[in-house]
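S.K.: Chains A and B, in that order, are what the protein sequence lines are.
Counting from 0, one number per residue, gives the positions in the first sequence under numbering that gives the first Met the number 0.
Counting from 0, one number per residue, gives the positions in the second sequence under numbering that gives the first Met the number 0.
All residues carry an ideal CB built from backbone N, CA and C; glycine is no exception.
None of these values were measured; they are calculated from a predicted model.
2 protein chains.
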Amino acid sequence: MNTNSKGVEILSIGTELLLGNIINTNAQWISEQLSQLGLNHFRQSTVGDNCDRITKVIQEISKRSNLLITTGGLGPTPDDLTTQAIAKSFNVSLFERPHLWDEIKQKLPNSKLQDDSSSLRKQCFFPKNALIINNPRGTAPGMIWEPIKGFTILTFPGVPSEMKTMWEETAFGFIKTKFSDNYSFFSNTLKFAGIGESSVAEEIKDLLNFKNPTVAPYANLGEVKLRITARAKNEGEAKNIIKPVKEKLKKKFSKFIFGEDNDTLPSVLIKELTKRNQTIVFAESCTGGLLSSSLTSISGSSQVFKGSIVSYSNELKNSLLNISEEKLAKYGAVSEEVCEAMAINVKKKLGADWAISISGIAGPNGGSQDKPVGMVYISISGPNNHITNLKKLFGSSRSRFEIQTLSVNLCLNSIRLILLSNSK
Amino acid sequence: MNTNSKGVEILSIGTELLLGNIINTNAQWISEQLSQLGLNHFRQSTVGDNCDRITKVIQEISKRSNLLITTGGLGPTPDDLTTQAIAKSFNVSLFERPHLWDEIKQKLPNSKLQDDSSSLRKQCFFPKNALIINNPRGTAPGMIWEPIKGFTILTFPGVPSEMKTMWEETAFGFIKTKFSDNYSFFSNTLKFAGIGESSVAEEIKDLLNFKNPTVAPYANLGEVKLRITARAKNEGEAKNIIKPVKEKLKKKFSKFIFGEDNDTLPSVLIKELTKRNQTIVFAESCTGGLLSSSLTSISGSSQVFKGSIVSYSNELKNSLLNISEEKLAKYGAVSEEVCEAMAINVKKKLGADWAISISGIAGPNGGSQDKPVGMVYISISGPNNHITNLKKLFGSSRSRFEIQTLSVNLCLNSIRLILLSNSK
Numbered sequence: 000m001n002t003n004s005k006g007v008e009i010l011s012i013g014t015e016l017l018l019g020n021i022i023n024t025n026a027q028w029i030s031e032q033l034s035q036l037g038l039n040h041f042r043q044s045t046v047g048d049n050c051d052r053i054t055k056v057i058q059e060i061s062k063r064s065n066l067l068i069t070t071g072g073l074g075p076t077p078d079d080l081t082t083q084a085i086a087k088s089f090n091v092s093l094f095e096r097p098h099l100w101d102e103i104k105q106k107l108p109n110s111k112l113q114d115d116s117s118s119l120r121k122q123c124f125f126p127k128n129a130l131i132i133n134n135p136r137g138t139a140p141g142m143i144w145e146p147i148k149g150f151t152i153l154t155f156p157g158v159p160s161e162m163k164t165m166w167e168e169t170a171f172g173f174i175k176t177k178f179s180d181n182y183s184f185f186s187n188t189l190k191f192a193g194i195g196e197s198s199v200a201e202e203i204k205d206l207l208n209f210k211n212p213t214v215a216p217y218a219n220l221g222e223v224k225l226r227i228t229a230r231a232k233n234e235g236e237a238k239n240i241i242k243p244v245k246e247k248l249k250k251k252f253s254k255f256i257f258g259e260d261n262d263t264l265p266s267v268l269i270k271e272l273t274k275r276n277q278t279i280v281f282a283e284s285c286t287g288g289l290l291s292s293s294l295t296s297i298s299g300s301s302q303v304f305k306g307s308i309v310s311y312s313n314e315l316k317n318s319l320l321n322i323s324e325e326k327l328a329k330y331g332a333v334s335e336e337v338c339e340a341m342a343i344n345v346k347k348k349l350g351a352d353w354a355i356s357i358s359g360i361a362g363p364n365g366g367s368q369d370k371p372v373g374m375v376y377i378s379i380s381g382p383n384n385h386i387t388n389l390k391k392l393f394g395s396s397r398s399r400f401e402i403q404t405l406s407v408n409l410c411l412n413s414i415r416l417i418l419l420s421n422s423k
Numbered sequence: 000m001n002t003n004s005k006g007v008e009i010l011s012i013g014t015e016l017l018l019g020n021i022i023n024t025n026a027q028w029i030s031e032q033l034s035q036l037g038l039n040h041f042r043q044s045t046v047g048d049n050c051d052r053i054t055k056v057i058q059e060i061s062k063r064s065n066l067l068i069t070t071g072g073l074g075p076t077p078d079d080l081t082t083q084a085i086a087k088s089f090n091v092s093l094f095e096r097p098h099l100w101d102e103i104k105q106k107l108p109n110s111k112l113q114d115d116s117s118s119l120r121k122q123c124f125f126p127k128n129a130l131i132i133n134n135p136r137g138t139a140p141g142m143i144w145e146p147i148k149g150f151t152i153l154t155f156p157g158v159p160s161e162m163k164t165m166w167e168e169t170a171f172g173f174i175k176t177k178f179s180d181n182y183s184f185f186s187n188t189l190k191f192a193g194i195g196e197s198s199v200a201e202e203i204k205d206l207l208n209f210k211n212p213t214v215a216p217y218a219n220l221g222e223v224k225l226r227i228t229a230r231a232k233n234e235g236e237a238k239n240i241i242k243p244v245k246e247k248l249k250k251k252f253s254k255f256i257f258g259e260d261n262d263t264l265p266s267v268l269i270k271e272l273t274k275r276n277q278t279i280v281f282a283e284s285c286t287g288g289l290l291s292s293s294l295t296s297i298s299g300s301s302q303v304f305k306g307s308i309v310s311y312s313n314e315l316k317n318s319l320l321n322i323s324e325e326k327l328a329k330y331g332a333v334s335e336e337v338c339e340a341m342a343i344n345v346k347k348k349l350g351a352d353w354a355i356s357i358s359g360i361a362g363p364n365g366g367s368q369d370k371p372v373g374m375v376y377i378s379i380s381g382p383n384n385h386i387t388n389l390k391k392l393f394g395s396s397r398s399r400f401e402i403q404t405l406s407v408n409l410c411l412n413s414i415r416l417i418l419l420s421n422s423k
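This is the structure in structure tokens:
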């Protein structure tokens, strides 16, 4: 086993990062992975597509670290320079691996690109003793190379989906075996809905100072998480360290916690309805299909989700959902009366155990004094035809994207709470 | 005026960045600002809340750059160490600015925090000759300090809204006056659909070596972009430099280019249909609402989008879209016959000028020998009731998310091409 005493560094390569064209999500994702592996990670750098500058920073890093992860610069274009710059840093040459060119050609649909003079051929050149990291999702392979004793480099493309697959299939196991000491970090994340980050943090001030496990709150749009992280020799020991804290939190926050780790509000709903052998349909107006696609993004949703009517225009609210023109004229499309009728009628028409309808003003235009941007009505109809009506006003500073996303979350959390109270 | 010959660097400070808890959006935002100012920006670094490591990296940067922008570590807690570490790097002491403490106290709602022993008081200590950057949105001020000749440091808090306001109100003007050489960068991005990054790059090898303007390709899932960037004294001059290259690209790639800059496939479709005063509806199966929500995510979509039927189950394909049980049994839901009928029927039922239907296997389960995961049928019906049927097989390595997203892109690009040929 190699040592990780001097730490791991991440080097992100790409002029588009220095120009601010893209956000460096790769560095965040890899950092999270390194944390999980319990590795010392003290520093990250970003440089552009410039051979001399890449070489210089790699030489610096080789003097102060044990392991370097690079992203970017593995593609076929002339400004993809990572492998060359790494080789130059240690004064070695690159050699073609003919079998890689055969593999790449098989991946290409375009016969022109398969020509032996294709620029893609560049991606087959590596230092002599480098191991190859296969790229199942793209053409540019990466490498694992130890140019000098005690310093190893792993290279990845900049495309996040390619990098992640290569990391998971090859790099993670390699790094865990070679660099991880016997201690690792294990995390368990509790996920919250219907409560804000500051309210959660305020309630658990004491826990935030814990050393093992640590407890850290995170917030995203409409999503609050508490990550409990234990440092331990194995997963079993970690679970024992995490358990009492987790139980305390579950007791304190009870139904505000909707799930753990990879759970999402849609996945929890699908799981719950599958268990009950019940189905659901939607009638969407202001969310325009987002509620439906949040469910259908998950494999297995066809077990419970039958379909929905996206009635964006009033005309379709009338013709597809049988909302009378009188009702639409009297109350307006964004009203409790219309929303309730949408839920009742879509449930009847599409034939399901549950129906959710939603109508609101996503903005930035279309608001009025009475019905400002951010006003949303939700109706939920269940197996016993009991109706739950909700009205919510999202803040005026919210964007269209935020209002739509938060509305979908509100729908999903509201039906979760109804299902929860029904099961009692 | 100071020189920027050695370039600007960004140093992001915060252990949460190294743990992967947050994405470094500050570095991207500042990079974009530096590009606009036309400054040389060669490198970015990230370190944790550790005084020795911050000091070391600042000393390194002071030797190779003219200007350093730091974010993070200005708050009141013990792990906020930026100002101390900067002072230590150049062996100077910090002194309290009493007027800053008065200002901070005025900002505090809580009398407890206003106590003279409050931890917030730490935020009033700066090197003797540093200029203060006011923080209108928070309590932690930043500074502008030239510790050694030819090297200036600007510090900002890590909270993005505070950093951005301080940048816009104070830093931008200071940097423009002191470091900018009157030249700025201006960019224009061309967006491609229906063609891969390597095919685009292959065709424009010569352009990739241009110095002014530079031409750089970027790719995301189903999206290829070429960014043309000119260095010029003003926007008019930049446009003149960009124009001939842009025209050459437009001629070469013609209909593969769907738009520029902030255009997206949905926004282009909405614009085109609005111009024609035409409407559109969808019948979605495997994309489960994603096609609809791609349109409704854009303000103004209600001008052209009437609604859609998400017929996820075969039952609803029958009851809502009048696809006969015989047809469903004979051809299967994922077939040209059913997809075509979905388009024809949804157009008739919902009453629009255009209809798109989509049926496929998004996976990861549900595939068969005949109809593997990734097989997608699309039908488009136009005002003259002419039908265009498409069949596509996305690669077997594609995830559910990718198949759904690429299917939506294919729908949007296909109707764009039909509209394009109709307008001739």
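1. Based on Cα-Cα distance, which residue from A:Arg52, A:Val199, A:Asn388 lies nearest to phenylalanine 191 of chain A?
2. Sorted by chain position, which residues of the same chain lie with C-beta nearer than 7 Å to glutamine 472 of chain A's C-beta, five sequence neighbours on each side aside?
3. Compare the C-beta of tyrosine 182 of chain A against all C-beta atoms of chain B and say whether one is closer than 8 Å.
4. Does the region 93 to 107 of chain A touch the region 121 to 131 of chain A, meaning 3 or more C-beta pairs lie closer than 8 Å?
5. For glycine 287 of chain A, which residues in the same chain have their Cβ closer than 7 Å to its Cβ, ignoring the five residues on either side in sequence?
6. Would the beta-carbon of glycine 71 of chain A fall within 8 Å of that of serine 11 of chain A?
7. Return the first residue and the last residue of the beta strand (DSSP E) that lysine 254 of chain B is part of.
8. Shortest alpha-carbon distance to glycine 306 of chain A belongs to which of B:Glu283, B:Ile269, B:Lys305?
9. Classify serine 160 of chain B: buried if its beta carbon has 16 or more other beta carbons within 10 angstroms, exposed otherwise.
10. Assign tyrosine 182 of chain A to one of two classes, buried (16 or more other C-beta atoms within 10 Å of its C-beta) or exposed (fewer than that).
11. Say whether the region 402 to 418 of chain B touches the region 352 to 361 of chain B, bearing in mind that this needs 3 or more beta-carbon pairs closer than 8 Å, one atom from each stretch.
12. So threonine 387 of chain A is in the beta strand (DSSP E); what residue range does that whole segment cover?
13. Which residue's Cα is closest to the Cα of tryptophan 28 of chain A: A:Ala215, A:Thr154, A:Trp166, A:Asn261?
14. Report the start-end ranges of each beta strand (DSSP E) in the region 145 to 178 of chain A that is 3 residues or longer and not cut off at the edges.
15. So the candidates are A:Asn65, A:Asp48, A:Gly373, A:Glu59; which of them puts its Cα closest to the Cα of lysine 5 of chain A?
16. Does DSSP put valine 7 of chain A in a helix, a strand or coil?
17. Relative to the C-alpha of aspartate 352 of chain A, which residue among A:Glu314, A:Ile279, A:Asn134 is closest?
18. I'd like to know if isoleucine 215 of chain B contacts chain A, where contact means its C-beta is closer than 8 Å to some C-beta of that chain.
19. Give me the chain B residues within the contact set of isoleucine 103 of chain A, using Cβ-Cβ distance strictly less than 9 Å, ordered along the chain.
20. If contact is defined by three or more beta carbon pairs under 8 Å, each pair taking one atom from either stretch, is the region 49 to 60 of chain B in contact with the region 79 to 86 of chain B?
21. Pick helix, strand or coil for asparagine 2 of chain B, following the three-state DSSP scheme.
22. Tell me where the alpha helix (DSSP H) around arginine 52 of chain A begins and ends.
23. Going by CA-CA distance only, name the one from B:Gly258, B:Leu67, B:Leu272, B:Ser380 that's closest to glutamate 429 of chain B.
24. If you reduce the DSSP assignment to three classes, tell me which class arginine 397 of chain A lands in.
25. Between which residues of its own chain and histidine 40 of chain A is the CB-CB distance below 8 Å, once the five residues before and five after are set aside?
26. In the DSSP assignment, the alpha helix (DSSP H) including tyrosine 330 of chain B goes from what residue to what residue?
27. Looking only at C-alpha atoms, which of A:Val372, A:Lys370, A:Ser367, A:Lys391 sits nearest to serine 378 of chain A?
28. Could you say which of B:Gly13, B:Leu17, B:Thr2 lies nearest to lysine 175 of chain B if we only look at CA atoms?
29. Rounded C-beta distance between leucine 315 of chain B and leucine 349 of chain A? I'm assuming under 8 Å.
30. Enumerate, from N- to C-terminal direction, the unbroken alpha helix (DSSP H) stretches of 4 or more residues contained entirely within the region 203 to 283 of chain B.
31. Output, in sequence order along the chain, the residues in the region 301 to 326 of chain B whose CB is closer than 9 Å to any CB in chain C.
32. Figure out for me which residue from B:Asn388, B:Phe393, B:Pro382 has the closest Cα to the Cα of lysine 370 of chain B.
33. Could you tell me the boundaries of the alpha helix (DSSP H) in which serine 292 of chain B lies?
34. Mind the definition here: the region 322 to 329 of chain A touches the region 246 to 254 of chain A only if three or more C-beta pairs lie below 8 Å; say whether that holds.
35. What residues match up with valine 87 of chain A in a beta bridge as DSSP calls it?
36. Between valine 158 of chain B and the rest of its own chain, which residues show a CB-CB distance below 7 Å, the 5 nearest in sequence each way excluded?
M.R.: Inspection of the coordinates gives the following:
1. A:Val199
2. Because chain A is modelled from 0 through 423, residue 472 of chain A falls outside the range shown and cannot be assessed.
3. no
4. Output reads yes: the region 93 to 107 of chain A touches the region 121 to 131 of chain A.
5. These residues qualify, in order along the chain: Val309, Tyr311.
6. yes
7. That residue, lysine 254 of chain B, is in no beta strand (DSSP E); it is neither H nor E in DSSP.
8. B:Glu283
9. exposed
10. exposed
11. yes
12. It spans 386 to 392 - the beta strand (DSSP E) in which threonine 387 of chain A sits, taken as one unbroken run.
13. A:Trp166
14. Correct list: 150 to 155.
15. Closest option to lysine 5 of chain A, Cα to Cα, is A:Asn65.
16. strand
17. Aspartate 352 of chain A has its Cα closest to that of A:Ile279, out of A:Glu314, A:Ile279, A:Asn134.
18. The question names isoleucine, yet the displayed sequence has alanine at residue 215 of chain B. Answer yes: the Cβ-Cβ gap between alanine 215 of chain B and chain A drops below 8 Å somewhere.
19. The contacting residues do not exist; isoleucine 103 of chain A stays about 10 Å from chain B at best.
20. At 8 Å Cβ cutoff, the stretches touch.
21. One point to set straight first is that residue 2 of chain B is threonine, not asparagine, in the sequence displayed. In the structure shown, threonine 2 of chain B sits in coil (DSSP, three-state: anything other than H, G, I, E or B).
22. 50 to 63
23. A query on residue 429 of chain B cannot be resolved here, the shown segment of chain B reaching from 0 to 423 and no further.
24. coil
25. Gly6, Val7, Glu8, Ile9, Ser30, Leu33, Ser34
26. 324 to 330
27. Per the Cα distances, A:Lys391.
28. B:Thr2
29. 6 Å
30. 234 to 252, 264 to 275
31. No chain C appears in this structure, whose protein chains are A and B.
32. B:Phe393
33. 289 to 295
34. Result no; under three Cβ-Cβ pairs closer than 8 Å.
35. The residue asked about is misnamed: residue 87 of chain A is lysine in this sequence, not valine. Answer by DSSP bridge pairing: none, since lysine 87 of chain A is not bridged.
36. Gly137
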